[in-house]
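Those protein sequence lines, which keep their order, are chains H and W. Read in this note's numbering, the first sequence has 132 at position 132, and its numbers run on one by one without any break. Read in this note's numbering, the second sequence has 458 at position 132, and its numbers run on one by one without any break. By construction, the Cβ of each residue, glycine as well, lies at the ideal position given by its N, Cα and C atoms. Every value quoted in this text rests on a predicted model; they were computed, and no experiment measured them.
2 protein chains.
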Amino acid sequence: MISTVNTNIEDIPQISKEMKLIERELMRVIEESDEPVRGILRDFFAGGKRLRPKLVLLSGLCFSPVNTKMIYSAVAAELIHTASLIHDDVIDRSDYRRNRPTINYVYGNHTAVLAGDFVFAKAFEVLCRYNLNRCMGYLVDAIQEMCAGEIMQARDSPDKTVDEDHYFRTIEKKTASLIAACCKSGADCGKAGEVQIEKMGLFGLYLGYAFQIVDDILDVTGDTSEMGKPVAHDLEEGKITLPYIYLLQDSVLGAKYRDILSDRKLAAGMKAQIIRDLKQSAAITKTYAKAEECVKKAREILDGLPDSIYKEILTDLSGKVIKRNR
Amino acid sequence: MISTVNTNIEDIPQISKEMKLIERELMRVIEESDEPVRGILRDFFAGGKRLRPKLVLLSGLCFSPVNTKMIYSAVAAELIHTASLIHDDVIDRSDYRRNRPTINYVYGNHTAVLAGDFVFAKAFEVLCRYNLNRCMGYLVDAIQEMCAGEIMQARDSPDKTVDEDHYFRTIEKKTASLIAACCKSGADCGKAGEVQIEKMGLFGLYLGYAFQIVDDILDVTGDTSEMGKPVAHDLEEGKITLPYIYLLQDSVLGAKYRDILSDRKLAAGMKAQIIRDLKQSAAITKTYAKAEECVKKAREILDGLPDSIYKEILTDLSGKVIKRNR
């Protein structure tokens, strides 16, 4: 299906009214907190593409006109996503996110752990207040997947044999499960039937794969100012993402880097050399092709849904996930 | 009111059947997680007095025979408490808890932050599965209080002027708010009226004050093997708890320690000297008297409730809070 609408992730005019409402409610949730929490969170929430609220909303609009449940389910999804980012920054010891210093960098791990917990609780407060029990079910499962996945990943032994399957299992838990939960939540709020809710979940899963694959490419090819975080952070953290998996499959470079990449402490200068070789290899192109494959599958699932402008926007958005920041 | 029942916190024969059921469901929640999360949590959950589930249950039984909502509300309360302990250990860099090494000590901060998030999510899964929306509301408010309180406390400037009021505001957020939420949850599950739910919340608040005051005394007077954590940890962390506040009010010792206690880095040997002086001063007795005052208020609130064996147990339990590990 070729989409007739043209969107980018940042700004989708067809839903700008609803997104403004979601933004206003999100800010209201933050503003109702006491200082110093309010100030800490206000800064952190100021950035972000709001991809997850958009997916909740669009998934809902595919099945019904906008309703209160969609709005607050979208707010809760962004809160959960943000809470997990705050904790990820503690875990990864990240200094920058969304082109700003992280909460752990400015206020310390202590405040960042608690601020993340606070935002999680806010999300559940919203879900509870608007009786969004089924959405809560989807989101709670996704949080558990995210945590269990990251714990599992951290306890992997330095892994020479990390392969595509393992990578997909990891990104499913880490990213795709929450995106799938967002799409299911939206469809549920739009009173879609069980089968269609499951379909939207599957759409979200493939979109989530594509999103994370592109994130992992941008970690290699992006620059700090575009990404809002340091380049090749994954490499420094010893995370073998898809571009590196494909690099290791290269007949020449694979042999060169096999041992080096399994060593969690890279020698000085080695990082730049790996990135240079990676960019000149076919690995990046191959990784993009994989992301495109995921988008294709996501779009095929959408094809089975009733036609609507929102389905077209979702189709278009799936493609934009690949083109962002390229 | 003089209680005719005799309980200790560890074991209350009158509710042992219900507590076994709660324990079984708590363990089932843990066991349904995948490895390695399951193993990590199983160890951590093995300890604990289960004070919060007991309070949920007893507060419910004051108003109605046992029901499913009480059981799962109690399970969720223990999960939330445990999640917050896991994160507290990260924040406080604690090595020991419940006479075992902490999750952060064994597996690192990374795993501990995620394990705490996982357990929070499990709590909400339980609350959601059993439609415990009102309990979720109480508990979510308490989590926010706990986090906001601890963030506020950490951002206090090294505080010479910390007084009793400030101390009570801190322990209300840190401890008493969750205990109050437990009592409200139980009463709610027991279908108590709004006024009685509020009363049970107030009872929990005073009990929570007493509980934390005694905890802060035991931090000074207990030994590591009894407490399952290092002695005078608060002092090392620069936390001026009630025993120290009263020490500073001592006409002689107050002047001696005013500047020393406001200095977050204690000189070697100073800790032992402070503890020695504290034990010989009137501060500990005064602090116990304050805890007893709180217990008295808690019991007065109970007096207004319909008579039952469970009310008597709660009355008795309030006294036991003070006598524990003494």
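Just checking: is the beta-carbon of residue i within a distance shorter than 9 Å of some beta-carbon in chain W?
i: N27(H); result: Residue identity check: residue 27(H) is Met in the sequence provided, not Asn. No, M27(H) does not count as interfacial toward chain W.
i: Y72(H); result: no
i: L114(H); result: yes
i: R155(H); result: yes
i: H87(H); result: yes
i: S94(H); result: no
i: K239(H); result: no
i: Y107(H); result: yes
i: D117(H); result: yes
i: V90(H); result: yes
i: H233(H); result: no
i: S328(H); result: The question about residue 328(H) has no answer, for chain H in this structure spans 1 to 326.
i: S84(H); result: yes
i: S318(H); result: no
What in chain W is Cβ-close to residue i, meaning under 9 Å?
i: N131(H); result: N459
Is the CB of residue i under 9 Å away from at least one CB in chain H?
i: N393(W); result: no
i: Q470(W); result: yes
i: F494(W); result: no
i: T641(W); result: no
i: D633(W); result: no
For my contact list, residue i and residue j are in at a C-beta cut-off of 8 Å; report their separation, rounded to the angstrom.
i: I322(H); j: E292(H); result: 6 Å
i: V401(W); j: P379(W); result: 7 Å
i: A181(H); j: Y138(H); result: 4 Å
i: F444(W); j: A148(H); result: 6 Å
i: Q153(H); j: T170(H); result: 6 Å
i: R155(H); j: P362(W); result: 6 Å
i: F291(W); j: I412(W); result: The first residue shown for chain W is 327 and the last is 652, placing residue 291(W) beyond what the model contains.
i: F124(H); j: M136(H); result: 7 Å
i: E32(H); j: L57(H); result: Contact flag wrong, Cβ pair sits at about 22 Å.
i: K591(W); j: L561(W); result: Contact flag wrong, Cβ pair sits at about 11 Å.
i: F211(H); j: C183(H); result: No, F211(H) and C183(H) are not in contact; Cβ-Cβ is about 12 Å, not under 8 Å.
i: V439(W); j: V140(H); result: That pair is no contact at about 18 Å.
i: L132(H); j: K69(H); result: 6 Å
i: S73(H); j: C189(H); result: 5 Å
i: G116(H); j: A83(H); result: 5 Å
i: G186(H); j: G304(H); result: About 16 Å; that fails the 8 Å criterion.
i: L79(H); j: K122(H); result: 5 Å
i: G580(W); j: L573(W); result: 7 Å
i: V557(W); j: G548(W); result: 6 Å
Is residue i close to the ligand NAD? I mean its beta-carbon at under 8 Å from any heavy atom of the ligand.
i: L127(H); result: Judged by which ligands are present, the structure shown has none, so any question about the ligand NAD falls away.
Could you tell me which chain H residues have their CB closer than 7 Å to the CB of residue i, listed as they occur along the chain?
i: G512(W); result: None at all; the shortest Cβ gap to chain H is about 18 Å.
i: V466(W); result: A121, F124, E125, C128
i: H436(W); result: I91, A154
Could you name the residues of chain W that residue i contacts, counting a contact when the two beta carbons are closer than 7 Å?
i: E150(H); result: L440
Counting only Cβ pairs nearer than 8 Å, list the residues of chain H close to residue i.
i: D491(W); result: Within chain H, no residue comes near D491(W); the closest Cβ sits about 17 Å away, beyond 8 Å.
Which residues of chain H have a Cβ atom closer than 9 Å to the Cβ of residue i, listed in chain order?
i: M462(W); result: F124, E125, L127, C128, M136
i: S359(W); result: Q144, A148
Looking only at DSSP bridge pairs, what is residue i linked to?
i: Y96(H); result: P101(H)
Any C-beta of chain A sitting closer than 9 Å to the C-beta of residue i?
i: V578(W); result: In the structure shown, chain A cannot be found, because the protein chains are H and W.
Legend entry - Contact set between the region 361 to 395 of chain W and chain H, restricted to residues whose Cβ is under 7 Å from the partner: P362, V363
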